[in-house]
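Numbering (full-length UniProt numbering), first residue to last: 1 to 383.
Read the structure below first, then the notes.
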């Protein structure tokens, strides 16, 4: 495993990190197997944004006696209410759920404390001009968090945070589909040397390019989420390039962006850990993504569900990510297979219960037409 400096924090992080999101709902044995396999492979960075109590407790138990081998990203603002993940602007709720995270992880400090999902200008102003930032800075001053970070899906908001000088680390989605073509792009692009140093190249999203270079210049470490675009880039039917990328190619793309310290890959088994860390020992030609991306047709992933459930909470308690996943499986397969139907019908609440209130679409950072997808799922699955 190779390690990189995490910006100016003084921490060295593994190039590949463990995104723990997919461990939610898994039994302790699976969580422990995955976490231990990652640590044994040299992975030392873990992201725990989830507010669900049991997964927090399972990860804490798995890390017991191994805490000194892990650098943990924890999130301020992620809450668990009425049996669902949510985000809050209430600083007292932030305090309660952050202390819950420390307790369940069986630790008295976290290595990086993230201001969780700051996407809109309104979010930024309420958090950075209010008591939530004050609370986060207090945690840092007391050593409860070693570094202050922010997670965001919006490059404009992320750049604003980096330029404020207040954050040490940025948790941000990076993959080729997000980066290579802005909405106004007109032509396919090769990837020449110095590609990201040229803002005037048609097709580059200039804000994202500026964000990465600013992070590198100011010593703000970038840790990466969504490097596989929720698996969409791994399947030729859903990959906008017309050909599937491999996991190592996706990892390599993100690691070659300026400012990037680590790519966190969602893993839920020792086998998936093994697949991801193969990146470190494979032939460089197997990592190379340039042939695929040099023949990119026009594309845009805006509106593509990432199955992250940032759209929650739902007043009807629908697990929107799971409904979306089963819908997309059925659409890709052009049929509702018995397995997919069984999984869908096993959900506690299905798309037919959607009241089209629109709260999910307001929360979604990817502009997914959630209400239309719920309507389509209800029609396709019959409930």
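Heads up, the beta-carbon is just placed ideally off N, CA and C, and yes, glycines get one too.
May I ask you to report which of helix, strand or coil DSSP gives residue i?
{"i": "residue 213", "result": "helix"}
{"i": "residue 315", "result": "coil"}
{"i": "residue 3", "result": "strand"}
{"i": "residue 187", "result": "With a pLDDT of 35 at residue 187, under the threshold of 50, the predicted position of this residue should be treated as unreliable, though the coordinate-derived value follows. It is coil, neither helix nor strand."}
{"i": "residue 239", "result": "coil"}
{"i": "residue 41", "result": "coil"}
{"i": "residue 360", "result": "helix"}
{"i": "residue 205", "result": "coil"}
{"i": "residue 165", "result": "coil"}
{"i": "residue 289", "result": "coil"}
{"i": "residue 369", "result": "coil"}
{"i": "residue 96", "result": "helix"}
{"i": "residue 348", "result": "coil"}
{"i": "residue 385", "result": "The structure shown does not extend to residue 385, since the chain is modelled only from 1 through 383, so no value can be given for it."}
{"i": "residue 24", "result": "coil"}
{"i": "residue 375", "result": "helix"}
{"i": "residue 309", "result": "coil"}
{"i": "residue 8", "result": "coil"}
{"i": "residue 60", "result": "helix"}
{"i": "residue 36", "result": "helix"}
{"i": "residue 142", "result": "coil"}
DSSP puts residue i in a beta bridge; with which residues?
{"i": "residue 75", "result": "114"}
{"i": "residue 222", "result": "170 and 260"}
{"i": "residue 85", "result": "80"}
{"i": "residue 16", "result": "263"}
{"i": "residue 147", "result": "112"}
{"i": "residue 48", "result": "74"}
Can you name, in chain order, every residue of its own chain whose Cβ lies under 7 Å from the Cβ of residue i, other than the five neighbours on each side?
{"i": "residue 197", "result": "Confidence is the limiting factor: at residue 197 the pLDDT is only 45, short of 50, which leaves the residue's position unreliable, though a coordinate-based value still follows. Excluding positions up to five away in sequence, the list is empty."}
{"i": "residue 14", "result": "1, 3, 42, 43, 44, 45 and 262"}
{"i": "residue 143", "result": "109"}
{"i": "residue 193", "result": "Its pLDDT being 47, under 50, residue 193 is placed unreliably in this model, and the value from its coordinates should be taken loosely. Nothing listed; no residue qualifies."}
{"i": "residue 159", "result": "207, 210, 211 and 214"}
{"i": "residue 383", "result": "350 and 352"}
{"i": "residue 364", "result": "310, 311 and 370"}
{"i": "residue 248", "result": "278, 279, 282, 286 and 287"}
Going along the chain, which residues of its own chain have a beta-carbon closer than 6 Å to the beta-carbon of residue i, five neighbours each way excluded?
{"i": "residue 218", "result": "none"}
{"i": "residue 208", "result": "155 and 179"}
{"i": "residue 35", "result": "62"}
{"i": "residue 221", "result": "6, 7, 169 and 261"}
{"i": "residue 243", "result": "236 and 292"}
{"i": "residue 361", "result": "370"}
Quick one: residues in its chain with C-beta nearer than 8 Å to the C-beta of residue i, no 5 flanking neighbours on either side, listed in chain order?
{"i": "residue 309", "result": "85, 319, 320 and 321"}
{"i": "residue 254", "result": "174, 175, 224, 227, 260 and 263"}
{"i": "residue 299", "result": "Note that residue 299 has pLDDT 47, beneath the 50 cutoff, so the model's placement of it is unreliable and the number below is only indicative. Result list for residue 299: 177, 181, 240 and 241, in chain order."}
{"i": "residue 64", "result": "106"}
Between residue i and residue j, how many whole angstroms is the CB-CB distance? I'm expecting something under 8 Å.
{"i": "residue 87", "j": "residue 117", "result": "6 Å"}
{"i": "residue 314", "j": "residue 368", "result": "Contact doesn't hold; Cβ gap of about 14 Å is too wide."}
{"i": "residue 377", "j": "residue 356", "result": "Contact flag wrong, Cβ pair sits at about 13 Å."}
{"i": "residue 349", "j": "residue 317", "result": "5 Å"}
{"i": "residue 252", "j": "residue 212", "result": "Between residue 212 and residue 252 the Cβ distance is about 15 Å, and since that is not below 8 Å, they are no contact."}
{"i": "residue 327", "j": "residue 373", "result": "6 Å"}
{"i": "residue 132", "j": "residue 77", "result": "7 Å"}
{"i": "residue 277", "j": "residue 16", "result": "6 Å"}
- prompt: Using 8 Å as the threshold, is the stretch 106 to 118 in touch with the stretch 144 to 154, meaning 3 or more CB pairs across them?
  reply: As far as the Cβ criterion goes, the stretch 106 to 118 touches the stretch 144 to 154, which means the pair count is three or higher.
query: Any contact of the stretch 46 to 63 with the stretch 9 to 28, i.e. 3+ C-beta pairs under 8 Å?
result: yes
- prompt: Touching or not, the stretch 225 to 244 and the stretch 267 to 279, by the rule of three or more beta carbon pairs under 8 Å?
  reply: Pairwise C-beta distances place the stretch 225 to 244 out of contact with the stretch 267 to 279, as fewer than three of them are shorter than 8 Å.
- request: Say whether the stretch 26 to 35 touches the stretch 167 to 179, bearing in mind that this needs 3 or more beta-carbon pairs closer than 8 Å, one atom from each stretch.
  value: no
message: With three or more beta-carbon pairs closer than 8 Å as the criterion, would you say the stretch 56 to 63 touches the stretch 285 to 294?
response: No, they do not touch.
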